[in-house]
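Down below is the structure, laid out as structure tokens.
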Amino acid sequence: MDNIIKKFFDTYFKRNAPLFAGYTQHTPKEMMVSSVDNEGYYRWKPIDGTLNHDDYRKIEKKFKIKFPESFIKWHKSYFFLSGSSPVVYLPNSSPTQPLQDIIDNLDNDLSEELIAQKLYPFATDDNDIGFFVFDAREDKADNEYPIRLYDHEYGGDLEGLSEILFSSFSKLLECLTYAMENHNEQIHEILPEFIRIDPEGAGKDGIDFWLDRIVFEKKNFENGNQ
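The numbering used here runs 360 ahead of the 1-based position in the sequence shown.
Laid out in structure tokens, this is it:
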């Protein structure tokens, strides 16, 4: 898992360089590597994380959830001010508000409905469909739950829950790393590799979802909407 996390962050920071964020009252000065420009943006650098497992356990206890060990290990590796990736917006981590993104994904009416059904929101998708959730309805070693997408239009009804799209958080990271490594390709050319990388998730129960998205993205590209 350590290698998967390292490769993800190395690729993420390289792919998105230079790293920019909008200045706010919560901006961590120790992460700024430029002054604020005329539009209110500045360059930032990642720094080593200082959170520990107990910090995440407090959130688990408050919201009555469980995080995969891989997710905790990933999130506490660095302080980083953006988690925007292909397909998914992952929760960032700032030393001034280190767990706020995670809390925001959990502390709302829809998430309360989902948590009661053992579906734990941890990220949002790039098409404004809704939350990516850890499906904890079946016990897994180290809480390595499969990942599904929940359509917010369904308001908590399980009809809005997708099939399993990734078999685990580590497989999600591997897929995102591949997408970032091959960012010069079109998204409809990248997504088929998710099926190969994660045969037990994207390539199994989730295959129809991804095949449909590939068709959708290819049509958008051909129509000049990329």
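Here a beta-carbon is modelled for each residue, glycine too, at the ideal position from N, C-alpha and C.
Could you tell me which residues DSSP pairs with Arg403 in its beta bridges? Taking the sequence shown and counting its residues from 1, one reaches residue 403 at position 43. The partner list for Arg403 (beta bridge, DSSP) reads Phe380.
Starting from Pro481, trace the beta strand (DSSP E) both ways and give me its first and last residue. By one-based count along the sequence shown, residue 481 stands at place 121. First-last of the beta strand (DSSP E) with Pro481: Leu479 to Asp485.
Check whether the stretch 538–548 touches the stretch 511–522, counting contact only when three or more Cβ pairs, one atom from each stretch, lie closer than 8 Å. no
Can you list, in chain order, the residues of its chain whose CB lies under 6 Å from that of Glu577, leaving out five sequence neighbours each side? The sequence position of residue 577 within the sequence shown is 217, counting from 1. The answer, listed in chain order, is Ile547 and His548.
What residues in its chain sit with their C-beta under 7 Å from that of Glu513, if we drop five residues either side in the sequence? Start at 1 with the first residue of the sequence shown, and residue 513 comes out as number 153. Here the set comprises Gly520.
Less than 7 Å between C-beta atoms, sequence neighbours within five positions excluded: which residues of the same chain meet that for Gly325? Because the chain here runs from 361 to 586, residue 325 falls outside it and cannot be looked at.
Count the other CB atoms, across all protein chains shown, that sit within 10 Å of the CB of Arg508; report buried if there are 16 or more and exposed otherwise. Position 148 of the sequence shown holds residue 508. Its Cβ being crowded by 16 or more others within 10 Å, Arg508 is buried.
Under the three-state DSSP convention, the category Gly490 falls into: Here residue 490 refers to the residue found at position 130 of the sequence shown. In the three-state scheme derived from DSSP, where H, G and I count as helix and E and B as strand, Gly490 is classed as strand.
What number of angstroms, rounded off, separates the C-alpha of Arg573 from the C-alpha of Gly561? Counted from its first residue, the sequence shown places residue 573 at position 213. Counted from its first residue, the sequence shown places residue 561 at position 201. CA-to-CA, the gap between Arg573 and Gly561 works out to about 15 Å.
Identify the residues that DSSP records as bridge partners of Met392: which are they? In the sequence shown, counting from the first residue as 1, residue 392 sits at position 32. Trp404.
Determine the closest residue to Glu399 out of Glu390, Phe369, Phe380 and Met392, with distance taken between C-alpha atoms. Mapped onto the sequence shown, residue 399 falls at position 39. Checked all of Glu390, Phe369, Phe380 and Met392; the closest Cα to Glu399 is Phe380.
Counted within 10 angstroms of its Cβ, other Cβ atoms place Pro559 as buried (16 or more) or exposed: Working through the sequence shown from its first residue, we reach residue 559 at position 199. Pro559 comes out exposed.
Selection from Leu459, Phe494, Asp486 and Thr456 that minimises the alpha carbon distance to Ser471: Translated into the one-based positions of the sequence shown, residue 471 becomes position 111. Among Leu459, Phe494, Asp486 and Thr456, the Cα nearest to that of Ser471 belongs to Phe494.
To which residues does DSSP link Val448 through a beta bridge? What you label residue 448 is simply residue 88 of the sequence shown in a count that begins at 1. Answer is Asp485.
Is there at least one non-hydrogen atom of the ligand NAD closer than 7 Å to the beta-carbon of Tyr449? With respect to small molecules bound, the structure shown includes none, and the ligand NAD cannot be examined in it.
Leaving out five residues before and five after Lys367 in sequence, what residues of the same chain have Cβ atoms less than 6 Å from its Cβ? Here the question's residue 367 lines up with position 7 in the sequence shown. Closer than 6 Å at Cβ, skipping near neighbours: Thr537.
Residue closest to Thr384, alpha-carbon to alpha-carbon, out of Arg375, Pro378, Ala377 and Asp397: As a first step, residue 384 is located in the sequence shown; it is residue number 24 there, counting from the start. For the residues Arg375, Pro378, Ala377 and Asp397, the minimum Cα distance to Thr384 belongs to Asp397.
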